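Each remark here refers to the structure printed beneath this line.
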Amino acid sequence: MAFWAGSSPSIVDYFPSEDFYRCGYCKNELGSRSNGMWAHSMTVQDYQDLIDRGWRRSGKYVYKPVMNQTCCPQYTIRCRPLQFQPSKSHKKVLKKMLKFLAKGEIPKGNCKDEPMDSTVNDAVAGDFALINKLDIQCDLKTLSDDLKESLESEGKNSKKEEPQELLQSQDFVGEKLDSGEPSHSVKVHTVPKPGKGADLSKPPCRKAKEIRKERKRLKLMQQNPAGEHEGFQVQGQPPSLFPAKAKSNQPKSLEDLIFESLPENASHKLEVRVVRSSPPSSQFKATLLESYQVYKRYQMVIHKNSPDTPTESQVRLVPVSFEDPEFKSSFSQSFSLYVKYQVAIHQDPPDECGKTEFTRFLCTSPLEAETPHNGPDCGYGSFHQQYWLDGKIIAVGVIDILPNCVSSVYLYYDPDYSFLSLGVYSALREIAFTRQLHEKTSQLSYYYMGFYIHSCPKMKYKGQYRPSDLLCPETYVWVPIEQCLPSLENSKYCRFNQDPEAVDEDRSTEPDRLQVFHKRAIMPYGVYKKHQKDPSEEAAVLQYASLVGQKCSERMLLFRN
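Per the working numbering, the sequence shown starts with residue 886, numbered consecutively.
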């Protein structure tokens, strides 16, 4: 079938909302409501289009709040990294990290942090209880085999069709990140008289800071031959995709603040590494237990232990894939960190922080790994960004890299290092990372921060990363947050699009074209419904079509028993 040529389609099971359940934000016992679907597999383009319609994933469960009925409406929020300028408080966090790395300084007093960790709390237990009750144990391999057989059979029996693009066309405008460099005027140099001025036969004098930076760069090149550590970012050395800036009186950029040069005798070393996590790599598995223990402790204890003095700091981005050696190798450490975090910060009982929950929420992902030639070097899919100190993981950021954005899924960290404000610091690193990816893939230019809940103080901080936009829950257009806040002060649920005539441009207009996967065969809903007589079946399918939109309904396969 030409429609899915070259890639596997998304396969989902849809579960319409039937009941209200306990809200994780306002604690209303029967206040929260959402629709959801179990994604057996999903393309990154389909998920991009879904989050642009208010959907969000937690593990393989993808859900969408019923915005006009739920007690705490959750609006998708995105930051525009290309125009982002760090605020005073952001700069303080970055300077605090630099002082710690350079001199080992630990700030006095308690530091409140704002982790970008909304997703696990958003997808409440009621949704997962529903999944468990329905006993969704569909074997993905069997489904894939059935799908392959169905595609081959359909290809033989159907007439040739014009191929349709599964992914949106990717027009590269060649837009470059504004470096803020001043315009350069042309200067005419005159040769000085002998004995006066600089000696032109010798190279110009260089500042000691530049010489140290050059020495560090040469040393790193000797230690890491080309290609051996692709995706690494070392403190004091900006990403290679960012050109060196000319000196000016302009304020320092986010990259200037993050990659500030450190002295040669710095107390600690900071490193960023990109590695795939889904499907899980071997490097991820090897450190997952340690990561889980930190997560568990994070949930049980709230900043009770004194921070240790580290000697080395690393940040790594690991693909969530058990096929990736780095993912496998870090699985144990990641798991340990997860337990520590859940117990310390969220006060979860240790017995509720098992490997099953950890793997389901933070390691498994429905997103299919894709590495197109015109995409980012690390490819698209799900990743774990690991922060290392003294050879151990102290924080893990779970992110999805999609065609148009980097989407923050969850962050957990060791409470002993909360003095570094790792929630804010990781968000700023992810914004800078998005800007770096944009240099190679121009349409990847947004940073999604999950859901914004105006009525929840713990979630309002996301609005401090400016400029940012909120998604209109009715027309699915993005509106600057400044225009939305006055309305949210008056009502928890708002339509942000001020045009009363505007409608959802991707609304379901031809439900019969929706694709169904039934009894090892793919068919349009118009064919499938002729054999179904249950009225509730049609109501659920039409609701699904309206929520995912026309484009996704024609691309994704709705699994029906």
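Ideal Cβ placement from N, Cα and C applies to all residues, glycine included. All of these numbers come straight from a predicted model, not from anything done at the bench.
| task | Let me know if residue 1481 comes out buried or exposed under the rule of 16 or more other beta-carbons within 10 Å of its beta-carbon. | result | No answer is possible for residue 1481: it lies beyond the span of the chain, which begins at 886 and ends at 1446.
| query | By DSSP, does residue 1369 sit in helix, in strand, or in coil? | reply | For this step, residue 1369 is matched to residue 484 along the sequence shown. Three-state DSSP puts residue 1369 in a helix.
| message | Distance check for residue 1241 and residue 1322, CA to CA, integer angstroms please. | response | To locate residue 1322, count along the sequence shown from 1; it is residue 437. To locate residue 1241, count along the sequence shown from 1; it is residue 356. Distance between the alpha carbons of residue 1322 and residue 1241 is about 33 angstroms.
| said: Do residue 1179 and residue 1226 have their beta-carbon atoms positioned less than 8 angstroms apart in this structure? | reply: Taking the sequence shown and counting its residues from 1, the one referred to as residue 1226 is at position 341. Taking the sequence shown and counting its residues from 1, the one referred to as residue 1179 is at position 294. Residue 1226 places its beta carbon less than 8 angstroms from that of residue 1179.
| query | Is the distance from the Cβ of residue 971 to the Cβ of residue 1313 below 8 angstroms? | reply | Position 86 of the sequence shown, counted from the start, is the residue given in the question as residue 971. Position 428 of the sequence shown, counted from the start, is the residue given in the question as residue 1313. Contact flag set, yes.
| task | From the DSSP output, in three-state form, read off residue 931 for me. | result | Here residue 931 is taken as the residue at index 46 of the sequence shown, counted from 1. For residue 931, the secondary structure class from DSSP, reduced to helix, strand or coil, is helix.
| Using CA coordinates, which residue listed in 953, 1444, 947, 1426 is at the minimum distance from residue 917? | Position 32 of the sequence shown, counted from the start, is the residue given in the question as residue 917. When C-alpha distances from residue 917 are compared across 953, 1444, 947, 1426, the shortest belongs to 953.
| request: Please report the residue range of the alpha helix (DSSP H) in which residue 1316 lies. | output: Your numbering for residue 1316 matches position 431 in the sequence shown. DSSP places residue 1316 in the uninterrupted alpha helix (DSSP H) bounded by 1307 to 1325.
| query | Hey, which unbroken runs of the beta strand (DSSP E) at 3 residues or more fall wholly within the stretch 1380 to 1411? | reply | Entirely contained in the stretch 1380 to 1411, the beta strand (DSSP E) runs reaching 3 residues are, in chain order, 1400 to 1403, 1406 to 1409.
| task | Could you say which of 1433, 1424, 1251, 1305 lies nearest to residue 994 if we only look at CA atoms? | result | In the sequence shown, the residue the question calls residue 994 occupies position 109. Closest by alpha carbon: 1305.
| Which of helix, strand or coil DSSP assigns to residue 949 | Residue mapping note: residue 949 aligns to position 64 of the sequence shown, counting from 1. Reduced to three states, the DSSP call for residue 949 is strand.
| said: Which residue wins for smallest C-alpha separation from residue 1397, given the options 1427, 1217, 1183? | reply: Here residue 1397 refers to the residue found at position 512 of the sequence shown. Comparing Cα-Cα distances from residue 1397 to each of 1427, 1217, 1183, the minimum goes to 1427.
| said: On a Cα-Cα basis, can you pick out the residue from 1234, 1292, 1172 that is closest to residue 1276? | reply: Here residue 1276 refers to the residue found at position 391 when the sequence shown is read from its first residue. The option with the nearest alpha carbon to residue 1276 is 1172.
| Contact under 8 angstroms by Cβ, residue 1331 with residue 1290 | Taking the first residue of the sequence shown as 1, we reach residue 1331 at position 446. Taking the first residue of the sequence shown as 1, we reach residue 1290 at position 405. Taking a C-beta distance under 8 angstroms as the contact criterion, residue 1331 and residue 1290 qualify as a contact pair.
| request: With a 10 Å radius around its C-beta and 16 neighbouring C-beta atoms as the bar for buried, classify residue 1009 as buried or exposed. | output: Counting from one through the sequence shown, the residue named residue 1009 turns up at place 124. No answer about residue 1009 holds up, because its pLDDT of 44 lies below 50 and its placement is not dependable.
| request: Return the chain-ordered list of same chain residues with a C-beta closer than 8 angstroms to the C-beta of residue 1250, the five sequence neighbours on each side being excluded. | output: Mapped onto the sequence shown, residue 1250 falls at position 365. Correct list, in chain order: 942, 944, 945, 1162, 1163, 1205, 1266, 1267, 1285.
| request: Please confirm if the stretch 926 to 942 is in contact with the stretch 1431 to 1443, defined as three or more CB-CB distances below 8 angstroms between the two stretches. | output: Yes, the stretch 926 to 942 touches the stretch 1431 to 1443.
| Mapping DSSP to helix, strand and coil, what is residue 1347? | For this step, residue 1347 is matched to residue 462 along the sequence shown. Looking at residue 1347 - three-state DSSP - the assignment turns out to be helix.
| task | Using only alpha-carbon positions, find the residue among 956, 905, 1146, 1269 that is nearest to residue 980. | result | Start at 1 with the first residue of the sequence shown, and residue 980 comes out as number 95. The shortest C-alpha separation from residue 980 is found at 1146.
| message | According to DSSP, is residue 1007 part of a helix, a strand, or is it coil? | response | Counting from 1 along the sequence shown, the entry for residue 1007 is found at position 122. With a pLDDT of 49 at residue 1007, under the threshold of 50, the modelled position of this residue cannot be trusted; read the value that follows with caution. Three-state DSSP puts residue 1007 in a helix.
| query | For residue 1413, does the three-state DSSP call read helix, strand or coil? | reply | Taking the first residue of the sequence shown as 1, we reach residue 1413 at position 528. If DSSP states are grouped into helix, strand and coil, residue 1413 belongs with the helices.
| field | Between the CA atoms of residue 1375 and residue 1346 - distance to the nearest angstrom | value | In the sequence shown, counting from the first residue as 1, residue 1346 sits at position 461. In the sequence shown, counting from the first residue as 1, residue 1375 sits at position 490. Taking the straight line from one Cα to the other gives about 19 angstroms.
| said: Could you check whether the Cβ of residue 1177 sits closer than 8 angstroms to any Cβ belonging to chain C? | reply: Judged by its chain identifiers, the structure shown contains no chain C, having just a single protein chain.
| For residue 1450, the nearest candidate out of 893, 894, 1338, 900 (CA to CA) | Shown here, the chain extends from 886 to 1446; a query on residue 1450 therefore has no answer.
| request: Give the DSSP-derived three-state secondary structure of residue 1179 in the structure shown. | output: Residue numbering aside, residue 1179 sits at position 294 when the sequence shown is read from its first letter. It is helical.
| said: Mapping the DSSP letters down to three states, classify residue 1151 as helix, strand or coil. | reply: By 1-based counting over the sequence shown, the position of residue 1151 is 266. Coil at residue 1151, not helix or strand.
| request: Measure the beta-carbon distance from residue 1382 to residue 1359 and round it to whole angstroms, keeping in mind my assumption that it falls under 8 angstroms. | output: By 1-based counting over the sequence shown, the position of residue 1382 is 497. By 1-based counting over the sequence shown, the position of residue 1359 is 474. That pair is a contact at about 7 angstroms.
| DSSP-derived helix/strand/coil call for residue 969 | For this step, residue 969 is matched to residue 84 along the sequence shown. Look at residue 969 here: in three-state DSSP terms it is coil, with no helix or strand label.
| query | Bridge partners of residue 1225, per DSSP? | reply | Taking the first residue of the sequence shown as 1, we reach residue 1225 at position 340. Per DSSP, 1182.
| said: Please report the straight-line C-alpha distance between residue 1177 and residue 987, rounded to a whole angstrom. | reply: Here residue 1177 refers to the residue found at position 292 when the sequence shown is read from its first residue. Here residue 987 refers to the residue found at position 102 when the sequence shown is read from its first residue. A straight-line Cα-Cα distance of about 29 angstroms links residue 1177 and residue 987.
| task | Below 8 angstroms on the Cβ atoms is my guess for residue 1334 versus residue 964; work out the distance and round it to an integer in Å. | result | Position 449 of the sequence shown, counted from the first residue, corresponds to residue 1334. Position 79 of the sequence shown, counted from the first residue, corresponds to residue 964. Going by Cβ atoms, the distance from residue 1334 to residue 964 rounds to 6 angstroms, so yes, they are a contact pair.
| said: Whole angstroms are fine: how far does the CA of residue 969 sit from the CA of residue 905? | reply: Taking the first residue of the sequence shown as position 1, residue 905 is located at position 20. Taking the first residue of the sequence shown as position 1, residue 969 is located at position 84. Cα to Cα, residue 905 sits roughly 38 angstroms from residue 969.
| Thinking C-alpha only, which one of 910, 1214, 895 is nearest residue 926? | In the sequence shown, residue 926 corresponds to position 41, counting from 1. Looking at the Cα atoms, 895 is the closest of the given residues.
| Exposure of residue 1271, with buried meaning 16 or more beta-carbon neighbours within 10 Å | The sequence position of residue 1271 within the sequence shown is 386, counting from 1. The residue in question, residue 1271, is buried, as its Cβ has 16 or more Cβ neighbours within 10 Å.
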